[in-house]
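Report on the following structure.
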Amino acid sequence: MILELENVSKHYQMGDTIIRALDGVNLKVNAGEFVAIMGHSGSGKSTFLQVASMLAQPSSGKILLREKDVTLYNEVERARLRNKEIGFVFQQFNLLPRTSALDNVALPLVYAKIPENERRERAKKMLEKVGLGDRLQNTPAQLSGGQQQRVAIARALINDPTIIFADEPTGNLDTKSGEDIKRFLQELHNENRTIIMVTHEEDVAAIAQRLVVFRDGKVVSDGKNKYAKYKKNLPMQTGE
């Protein structure tokens, strides 16, 4: 078991009202699973991603990563764990705007105190893996949306994380770029990567094998993905 949530809740105080963004969530994710998280706006899926990835602390309950209770960790310990064990892919890419693709990808290695020569070499190889070996020195403004997302994926992979969390990874992309990112996520799953992806689009969810649906902060469905059109060994198409 890679990740387990035991009766996890996340509550917010809004004036005199308590918002139950997560309400007693129980969920287990095995190594190598590709899980799509869906639900209407306000269902709790984004809060789930923040809490499960340790970007936010739950109000109650327990989160186990590799059977270790990470809810007992302080913020410094959680930050170190995130840098080592978790890769993030965001809808907004979250790249440093004046920094080259190479240095954006290498950034997690800076926090891990990897020597400069090694981190630049590893970042170069990772950008080559996502089809951007000829764009090492380009800044985000010099890249298309699809290329920026591939830089973000390369950054997410640079520390060989235990879990990749993807938050609406195709949400800001045109159709062709979105298809490229979907193919690459499938390719990562073929490598037995564990991926947890939040999306509101059925065609994006279709690349996952398991579907978890949230409503009002609770898991209302969890099982085989009814939208699944998953195929093994789909190569990424990098031409743009």
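Taking this note's numbering, the leading residue of the sequence shown gets 21, the next gets one more, and so forth.
C-beta atoms are modelled at their ideal positions from N, C-alpha and C, and glycine is treated no differently.
Measure the C-alpha to C-alpha separation of residue i and residue j and round it to an integer number of angstroms.
i: residue 85; j: residue 239; result: 20 Å
i: residue 81; j: residue 169; result: 33 Å
i: residue 94; j: residue 77; result: 10 Å
i: residue 211; j: residue 63; result: 31 Å
i: residue 56; j: residue 30; result: 20 Å
i: residue 131; j: residue 166; result: 26 Å
i: residue 171; j: residue 216; result: 19 Å
i: residue 117; j: residue 236; result: 36 Å
i: residue 157; j: residue 79; result: 43 Å
i: residue 206; j: residue 228; result: 8 Å
i: residue 231; j: residue 137; result: 41 Å
i: residue 127; j: residue 72; result: 22 Å
Quick one: is residue i buried, meaning 16 or more other Cβ sit within 10 Å of its Cβ, or exposed?
i: residue 208; result: buried
i: residue 152; result: buried
i: residue 161; result: exposed
i: residue 245; result: buried
i: residue 133; result: exposed
i: residue 38; result: exposed
i: residue 181; result: buried
Hey, is residue i close to the ligand FAD, as in C-beta under 7 Å from one of its heavy atoms?
i: residue 21; result: As for the ligand FAD, it is missing from this structure, which has no ligand bound.
Would a check of beta-carbon distances place residue i closer than 8 Å to chain B?
i: residue 53; result: The chain labelled as chain B is not found in the depicted structure, where only one protein chain is given.
Does DSSP put residue i in a helix, a strand or coil?
i: residue 197; result: helix
i: residue 206; result: helix
i: residue 150; result: coil
i: residue 17; result: No answer is possible for residue 17: it lies beyond the span of the chain, which begins at 21 and ends at 260.
i: residue 73; result: coil
i: residue 142; result: helix
i: residue 214; result: strand
i: residue 186; result: strand
i: residue 180; result: coil
i: residue 236; result: coil
i: residue 136; result: helix
i: residue 242; result: strand
i: residue 24; result: strand
i: residue 36; result: coil
i: residue 66; result: helix
i: residue 161; result: helix
Contact between the stretch 24 to 32 and the stretch 183 to 193 (3+ Cβ pairs under 8 Å): Between the stretch 24 to 32 and the stretch 183 to 193, the count of C-beta pairs closer than 8 Å stays below three; the two stretches do not touch.
Cβ contact (3+ pairs, closer than 8 Å) linking the stretch 188 to 198 and the stretch 32 to 41: Taking 8 Å as the limit for Cβ pairs, the verdict is that the stretch 32 to 41 does not touch the stretch 188 to 198.
Inter-stretch contact (C-beta, 8 Å, three-pair minimum) for the stretch 87 to 104 and the stretch 45 to 52: Fewer than three beta-carbon pairs drawn from the stretch 87 to 104 and the stretch 45 to 52 are found closer than 8 Å, and the two stretches are therefore not classed as touching.
Segments of 3+ residues assigned as beta strand (DSSP E) that fall wholly inside the stretch 96 to 134: Taken in chain order, the complete beta strand (DSSP E) segments of 3 residues or longer contained in the stretch 96 to 134 are 106 to 110.
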